[in-house]
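A.B. asks: Just so you know, the sequence shown maps onto residues 886 to 1223 in our numbering.
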Amino acid sequence: MPDPAPDLADIRAAARAIAGVAARTPALTSRLPGLPNPLFLKDETRQPTGAFKLRGAANALSRLSPEQAARGVVCCSTGNHGRAVAHAARDLGIPATVCLSALVPPAKVEAVQSLGARVIRHGRSQDEAREEADRLAEAEGLAPVPPFDHPRVIAGQGTISLELLEDLPDLETILIPLSGGGLAAGVAVGAKALKPSIRLIGLTMQTGAAMHASLQAGHPVEVEEAPSLADSLGGGIGLKNRWTHALCRDLLDEVILLSENEIWRGMHALHHVEGLTVEGAAAVGHAAILSSRATLTGPTATLVTGENLPPEQAQAIARSQPIQIGDQLAGGPEWTTY
Ligand SMILES: *Cc1c(COP(=O)(O)O)cnc(C)c1O
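1. Between the beta-carbon of Gly964 and the beta-carbon of Asp1116, is there less than 9 Å?
2. Can you tell which of Gln1011, Pro889, Arg931, Glu1219 has its C-alpha closest to the C-alpha of Ile1045?
3. For a test of the three-state rule: what should DSSP assign to Ala1215, helix, strand or coil?
4. What do you reckon, are the CB atoms on Leu1194 and His1171 nearer than 9 Å?
5. Let me check understanding here. Comparing Cα to Cα, which of Ala969, Val958, Glu995 lies closest to Thr982?
6. My understanding is that Glu1139 touches Gly1121, with C-beta atoms under 8 Å, so please give their C-beta distance in whole angstroms.
7. Please state if the CB of Leu1181 and the CB of Pro918 are separated by a distance shorter than 9 Å.
8. Span of the beta strand (DSSP E) holding Val983?
9. How about the segment 1128–1136 and the segment 1146–1164: do they share at least three Cβ pairs that are nearer than 8 Å?
10. Would you please state the rounded distance, in angstroms, between the beta carbons of Pro891 and Pro1036? I believe it to be under 8 Å.
11. Any heavy atom of ligand 1 closer than 8 Å to the beta-carbon of Ala987?
12. For Arg1006, name the three-state secondary structure that DSSP assigns.
13. Answer yes or no: do Gly1075 and Ala943 have a C-beta to C-beta separation smaller than 9 Å?
14. In the DSSP assignment, the beta strand (DSSP E) including Thr1162 goes from what residue to what residue?
15. Consider the C-beta atom of Gln932 and the heavy atoms of ligand 1; say whether any pair is separated by less than 8 Å.
16. Would you check whether ligand 1 has a heavy atom nearer than 8 Å to the C-beta of His1097?
17. Kindly list the residues whose CB is nearer than 6 Å to the CB of Ala1018, restricted to its own chain and excluding five residues on each side of it in sequence; keep chain order.
18. Please check if any C-beta of chain C sits within less than 9 Å of the C-beta of Val1030.
19. Would Leu1079 and Leu1136 be called neighbours here (beta carbons separated by less than 9 Å)?
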């Protein structure tokens, strides 16, 4: 029988399971001037890995059978998921293997290695690294830990909704960065179960937004990847997507797309007004508010999902300088008024 989609009970169980590994994060009050309603920032940059993905990874890893935990886990993410799996595995004493293609820069390889994971360099693309992860799962009996389309990963990310509604019971809207949809699905399952009237808005970049294209099409589709300040929101949702596409379709009220200039401005406001230096994926909520694509009709929370951005981007944002994204220049001084 296929695993069912996670429910509120699964998210509550996840909250207990991850308590020793992932942090319970605060909801900060926004300092943006002139807002018509209160805005809160769920600060996931405070996770030990600098991003919320530790929640899902910790839940998936902590609930393995003892036999599976002894054999270990495998994943293939270059970004926040790979770091999360390596960190949770170290905390829980589970062997972890992370497959990375030859294109992954040395700093990222070292970040994963320094957490004690076995790193396998394989292939010239993320797809080839994934094939190697699949092969190792089979050959060595390792449990694959997917970045979003997995009931325990979704339930782990969903723990954010329990914390938010405990701290802010009056919340009316949650702004959720959207990529593969593990975060949006988990938060939506928890938040709509606790408060059916809540409005949930998925936010992503204009080009290469696979979940948005898949929701429009009514089934998972592939889109061409494009460089973005929100690089953590890139990548496909998997043509064999089992959970996140249906959950996002059924539970998200709206999806909003943001331009690179708007994302740059969100990052700039987070740095200069809120005092948080974050990656583009974490700034889409601010981008939507500042561009008036989202209006604050009541108390609203935005999920500030991660802080793992390249140092040269952090420097450009601090200096209000534009950033080269593919063949376009994003942001600059003309985007700095609030
Ligand atoms: C992975 C990630 C997201 C999106 O999460 P999904 O579950 O893939 O939708 C958003 N922000 C950051 C920083 C991430 O690493």
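C-beta: ideal position from N, C-alpha, C; glycine also. Only a predicted model underlies this, so the values are computations on that prediction, with no experimental measurement involved.
C.D. replies: Taking the geometry as given:
1. As a working note, residue 964 is residue 79 in the sequence shown. As a working note, residue 1116 is residue 231 in the sequence shown. Yes, the Cβ-Cβ distance between Gly964 and Asp1116 is below 9 Å.
2. Taking the sequence shown and counting its residues from 1, the one referred to as residue 1045 is at position 160. Measuring from the Cα of Ile1045, the nearest candidate turns out to be Arg931.
3. Stepping through the sequence shown from its first residue, residue 1215 is reached at position 330. DSSP places Ala1215 in strand when its eight states are reduced to three.
4. The residue you call residue 1194 lines up with position 309 of the sequence shown. The residue you call residue 1171 lines up with position 286 of the sequence shown. No. Outside cutoff.
5. Within the sequence shown, residue 982 is the residue found at index 97, counting from 1. Residue Val958 is the option with its Cα nearest to Thr982.
6. By one-based count along the sequence shown, residue 1139 stands at place 254. By one-based count along the sequence shown, residue 1121 stands at place 236. Contact doesn't hold; Cβ gap of about 22 Å is too wide.
7. Taking the first residue of the sequence shown as position 1, residue 918 is located at position 33. Taking the first residue of the sequence shown as position 1, residue 1181 is located at position 296. Not a contact, by the Cβ cut-off of 9 Å.
8. Residue 983 sits at position 98 when you count from the first residue of the sequence shown. It spans 981–985 - the beta strand (DSSP E) in which Val983 sits, taken as one unbroken run.
9. no
10. Counting from one through the sequence shown, the residue named residue 891 turns up at place 6. Counting from one through the sequence shown, the residue named residue 1036 turns up at place 151. About 5 Å; that satisfies the 8 Å criterion.
11. Within the sequence shown, residue 987 is the residue found at index 102, counting from 1. Incorrect: Ala987 has no Cβ contact closer than 8 Å to ligand 1.
12. Mapped onto the sequence shown, residue 1006 falls at position 121. Three-state DSSP puts Arg1006 in a strand.
13. Within the sequence shown, residue 1075 is the residue found at index 190, counting from 1. Within the sequence shown, residue 943 is the residue found at index 58, counting from 1. Not a contact, by the Cβ cut-off of 9 Å.
14. Mapped onto the sequence shown, residue 1162 falls at position 277. No beta strand (DSSP E) holds Thr1162; DSSP gives it neither H nor E.
15. Within the sequence shown, the letter at position 47 stands for residue 932. Flag unset: Cβ of Gln932 not near ligand 1.
16. As a working mapping, residue 1097 is identified with position 212 in the sequence shown. No, ligand 1 has no heavy atom inside 8 Å of this Cβ.
17. As a first step, residue 1018 is located in the sequence shown; it is residue number 133 there, counting from the start. Around Ala1018: Val959, Cys961, Cys984.
18. This model lacks chain C altogether; it includes just one protein chain.
19. For the purposes of this step, residue 1079 is identified with residue 194 of the sequence shown, where counting begins at 1. For the purposes of this step, residue 1136 is identified with residue 251 of the sequence shown, where counting begins at 1. No; because the gap between Cβ atoms is not below 9 Å, this pair is not in contact.
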